[in-house]
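Notes for the one structure printed next.
There are 2 protein chains.
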Amino acid sequence: MSRPQQVSIREVGPRDGFQNEPDLIPTDDKVRLIEALAAAGYTRMEVASFVRPDVIPQLADGVEVLRRIQVPDTIRLSVLIPNERGLGNALAEREHFHDIGLVVSASETHNRLNINRSVEESMQASARLIPRALAEGLHCEAIIATAFGCPYEGEVKADTVLGLAQRFVEMGATEIGFGDTTGMANPWQVEDFFARAFERLPGVELTAHFHNTRGQGLANALAALNQGCASFESSFGELGGCPVPPGSTGNIATEDLLSMFSEMGVETGVDLPAVIDAARLAQHLLGRKLGSHTLVAGPVDWHRG
Amino acid sequence: MSRPQQVSIREVGPRDGFQNEPDLIPTDDKVRLIEALAAAGYTRMEVASFVRPDVIPQLADGVEVLRRIQVPDTIRLSVLIPNERGLGNALAEREHFHDIGLVVSASETHNRLNINRSVEESMQASARLIPRALAEGLHCEAIIATAFGCPYEGEVKADTVLGLAQRFVEMGATEIGFGDTTGMANPWQVEDFFARAFERLPGVELTAHFHNTRGQGLANALAALNQGCASFESSFGELGGCPVPPGSTGNIATEDLLSMFSEMGVETGVDLPAVIDAARLAQHLLGRKLGSHTLVAGPVDWHRG
Chain P
1 MSRPQQVSIR
11 EVGPRDGFQN
21 EPDLIPTDDK
31 VRLIEALAAA
41 GYTRMEVASF
51 VRPDVIPQLA
61 DGVEVLRRIQ
71 VPDTIRLSVL
81 IPNERGLGNA
91 LAEREHFHDI
101 GLVVSASETH
111 NRLNINRSVE
121 ESMQASARLI
131 PRALAEGLHC
141 EAIIATAFGC
151 PYEGEVKADT
161 VLGLAQRFVE
171 MGATEIGFGD
181 TTGMANPWQV
191 EDFFARAFER
201 LPGVELTAHF
211 HNTRGQGLAN
221 ALAALNQGCA
231 SFESSFGELG
241 GCPVPPGSTG
251 NIATEDLLSM
261 FSEMGVETGV
271 DLPAVIDAAR
281 LAQHLLGRKL
291 GSHTLVAGPV
301 DWHRG
Chain Z
1001 MSRPQQVSIR
1011 EVGPRDGFQN
1021 EPDLIPTDDK
1031 VRLIEALAAA
1041 GYTRMEVASF
1051 VRPDVIPQLA
1061 DGVEVLRRIQ
1071 VPDTIRLSVL
1081 IPNERGLGNA
1091 LAEREHFHDI
1101 GLVVSASETH
1111 NRLNINRSVE
1121 ESMQASARLI
1131 PRALAEGLHC
1141 EAIIATAFGC
1151 PYEGEVKADT
1161 VLGLAQRFVE
1171 MGATEIGFGD
1181 TTGMANPWQV
1191 EDFFARAFER
1201 LPGVELTAHF
1211 HNTRGQGLAN
1221 ALAALNQGCA
1231 SFESSFGELG
1241 GCPVPPGSTG
1251 NIATEDLLSM
1261 FSEMGVETGV
1271 DLPAVIDAAR
1281 LAQHLLGRKL
1291 GSHTLVAGPV
1301 DWHRG
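Residue numbers (this note's numbering), protein chains in the order written: chain P, 1 to 305; chain Z, 1001 to 1305.
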């Protein structure tokens, strides 16, 4: 395998991050933050979710956010679709986004707790959803949550995850995201996993989605990169987590990921100082210190000196 | 190279961590914290420094700490020695520790700002110090700071660092620590560095000392491990930093390093829950939230389930 010199980063803070904030973020602030992020040069950003507002009130203003944000044409915006009703609602806003994300947990227990369905029910719903989305010209990312371990069931077998991924590809998904939803992946496992995933799913875009629950997020990203992974999801300010179980802390911080890649000479096309500015703004608007390290230390700047 | 299945971790929080606390930690608290850490099964811990108390008042009670702590015989305690006077003072307490650490920065500017000497002056002092320490039966770790980059000078060449390391080995140092003092290392650099270091210094114990300044600390530890490094230094609670420049935040958190190694099946001999307990106590005694992630999330516990 060759090591990528260029990667793509999807900013998921406006969805994965905002969803996990204890207090509702005013729509104005969301718009401001998304526009600040867009100025950093991302080509992909997840900005809303079409979940039921009573289930995730934090994202109830998704339609308004989508309609109001002013971002460059170079960004592909994606929205999370939980089910067919969600897709219907999303399609009414079709002109405001480009991609959809679907989620299923590899773990039966986590899937039930997270979206109240069996894994098989989720897969069957996806089989109906994906062709409908494709017919609308939407790019579909299928995200497999708890792909590296489940806090309820323990080990999740790579074969199980790759079996689901294979089925998603057959349904028409063009990108498969592997989510370490509760931060249980370790780097040697990730290395082995991505080696197998690239072998089994040639030509499919494979995306790594790590959480920094136990501080290993960037080590896992490194392990995936070393195996050829060139697509990552991260959240500015280390925002994020997972609704279940409680205490599942943030996604890997975009600033820290960008700092690492930049120091390694891996191109991202995203401007680190601009992301730090956005994270600083989030810190100000949310009124609390965020977890990313580069936000405190600033970028290594001697390369530019 | 083969990947280690077993590693040694030196806890440096009681020196590298405590030294960077803005407020003085009462001696009683230090003793309590060191004893709590010792209960976790470490075989190495850095517990004091013989620097001038007016320079680092945070560690002025080093002798008292050394005399008072009650720890198992299985722990080798080390103390930091800045110069010959420091060694003299330390030798008066010879029965209370086993190892010494000496520091020189690979960067001329950082060395001057940190210890007010040129690199060559530090090396010459080390050449006098090490034989004296060896004659006392002390094991000597020579720590090369800013080994992966300097905030003042920028790039630090691996050749420069390995040249200093070579000289330390010739002086009798049995362990060389490579310090990423201000968190500027990146994993591919670390990989390349350790590959060269093991080639150039066969049979010498090489120790990785990373800071998590920009969140990449564990990724760097992984890169070193993958090249065969089996000796690490870390600080419970992600305490630590560096006196210069300001804003150089903490060492890698022992809890996070232990969590990663434990998940990878790499043996450390250190009990993660006991370290979390010690970090929780530190959080309580210092009256502020510490930065380690595993301290919040807790260990992945399904292996034991």
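Think of the CB as a built atom: it goes at the ideal place given N, C-alpha and C, for glycine as much as any other residue. No experiment lies behind these values; they were computed from the predicted model shown.
Proximity test, Cβ basis, 7 Å: residue i and chain P
i, result
"Gly1215 of chain Z", "yes"
"Leu1222 of chain Z", "yes"
"His1293 of chain Z", "yes"
"Val1012 of chain Z", "no"
"Ala1142 of chain Z", "no"
"Ser1259 of chain Z", "yes"
"Val1275 of chain Z", "no"
"Glu1267 of chain Z", "no"
"Phe1297 of chain Z", "For clarity, residue 1297 of chain Z is Ala in the given sequence; the question names Phe instead. At least one chain P Cβ lies under 7 Å of Ala1297 of chain Z."
"Thr1160 of chain Z", "no"
"Leu1218 of chain Z", "yes"
"Thr1249 of chain Z", "yes"
From the options, residue whose alpha carbon lies closest to that of residue i
i, options, result
"Val1296 of chain Z", "Z:Thr1027, Z:Asp1256, Z:Ala1147 and Z:Asp1099", "Z:Asp1256"
"Ile143 of chain P", "P:Val103, P:Glu35, P:Ser259 and P:Pro57", "P:Val103"
"Glu141 of chain P", "P:Met171, P:Leu113, P:Ile176 and P:Ala39", "P:Ile176"
"Glu1084 of chain Z", "Z:Glu1170, Z:His1284 and Z:Ala1125", "Z:Ala1125"
"His123 of chain P", "P:Ala165, P:Gln58 and P:Arg132", "Before going on, a small fix: residue 123 of chain P reads as Met here, not His. Out of P:Ala165, P:Gln58 and P:Arg132, P:Ala165 has the C-alpha closest to the C-alpha of Met123 of chain P."
"Val1270 of chain Z", "Z:Asp1023, Z:Glu1093, Z:Leu1059 and Z:Ala1036", "Z:Ala1036"
"Glu121 of chain P", "P:Gly101, P:Phe148 and P:Pro82", "P:Pro82"
"Gly86 of chain P", "P:Arg52, P:Ala279 and P:Asn116", "P:Arg52"
"Thr207 of chain P", "P:Asn111, P:Gly101 and P:Arg167", "P:Gly101"
"Asn1212 of chain Z", "P:Leu138, P:Leu80, P:Gly291 and P:Ala279", "P:Gly291"
"Glu1021 of chain Z", "Z:Glu1093, Z:Ala1282 and Z:Val1300", "Z:Ala1282"
"Asn186 of chain P", "Z:Val1063, Z:Val1300, Z:Val1071 and Z:Pro1057", "Z:Val1300"
Under 7 Å between C-beta atoms of residue i and residue j
i, j, result
"Phe1210 of chain Z", "Asn1220 of chain Z", "yes"
"Ile1075 of chain Z", "Ala1038 of chain Z", "yes"
"Gly1250 of chain Z", "Gly1240 of chain Z", "yes"
"Ser1235 of chain Z", "Val1012 of chain Z", "yes"
"Arg200 of chain P", "Ala158 of chain P", "no"
"Gly1172 of chain Z", "Ile1115 of chain Z", "no"
"Ala1147 of chain Z", "Val1190 of chain Z", "no"
"Gln1019 of chain Z", "Leu1059 of chain Z", "yes"
Below-7 Å beta-carbon distance, residue i vs any chain Z residue
i, result
"Asp256 of chain P", "yes"
"Arg304 of chain P", "Because Arg304 of chain P carries a pLDDT of 41, less than 50, the predicted location of this residue cannot be relied on, and the following value inherits that uncertainty. By this cut-off, Arg304 of chain P is not an interface position."
"Leu323 of chain P", "The first residue shown for chain P is 1 and the last is 305, placing residue 323 of chain P beyond what the model contains."
"Asn186 of chain P", "yes"
"Thr109 of chain P", "no"
"Glu21 of chain P", "no"
"Ala311 of chain P", "Since the first residue shown for chain P is 1 and the last is 305, residue 311 of chain P is missing from the structure and cannot be characterised."
"Glu263 of chain P", "yes"
"Val300 of chain P", "yes"
Cβ neighbour criterion (16 or more within 10 Å) applied to residue i
i, result
"Val156 of chain P", "buried"
"Glu1095 of chain Z", "exposed"
"Glu293 of chain P", "Note that residue 293 of chain P is His in the sequence shown, not Glu. Classification for His293 of chain P: buried."
"Asp1073 of chain Z", "exposed"
"Ser1002 of chain Z", "exposed"
"Asp61 of chain P", "buried"
"His284 of chain P", "exposed"
"Arg1010 of chain Z", "buried"
"Gly1237 of chain Z", "buried"
"Gly17 of chain P", "buried"
Cα-Cα separation between residue i and residue j, rounded to whole angstroms
i, j, result
"Asp28 of chain P", "Val55 of chain P", "22 Å"
"His98 of chain P", "Lys30 of chain P", "19 Å"
"Glu1136 of chain Z", "Leu1091 of chain Z", "8 Å"
"Thr1174 of chain Z", "Pro4 of chain P", "38 Å"
"Ala145 of chain P", "Phe178 of chain P", "6 Å"
"Tyr1042 of chain Z", "Gly265 of chain P", "37 Å"
"Arg311 of chain P", "Pro273 of chain P", "With chain P covering only 1 through 305, there is no way to say anything about residue 311 of chain P."
"Gly1088 of chain Z", "Ala1133 of chain Z", "10 Å"
"Cys1150 of chain Z", "Gly1287 of chain Z", "32 Å"
"Thr181 of chain P", "Gly298 of chain P", "27 Å"
"Ala127 of chain P", "Leu218 of chain P", "33 Å"
"Ser1078 of chain Z", "Ile1025 of chain Z", "19 Å"
"Met184 of chain P", "Arg214 of chain P", "8 Å"
"Glu170 of chain P", "Leu33 of chain P", "36 Å"
"Val8 of chain P", "Thr268 of chain P", "As written in the sequence, residue 8 of chain P is Ser, which differs from the Val given in the question. Using only the alpha carbons, I get a separation of about 6 Å."
"Ile1252 of chain Z", "Arg44 of chain P", "31 Å"
"Asn226 of chain P", "Ser118 of chain P", "34 Å"
"Lys1289 of chain Z", "Ser1262 of chain Z", "24 Å"
"Asp1277 of chain Z", "Gly154 of chain P", "24 Å"
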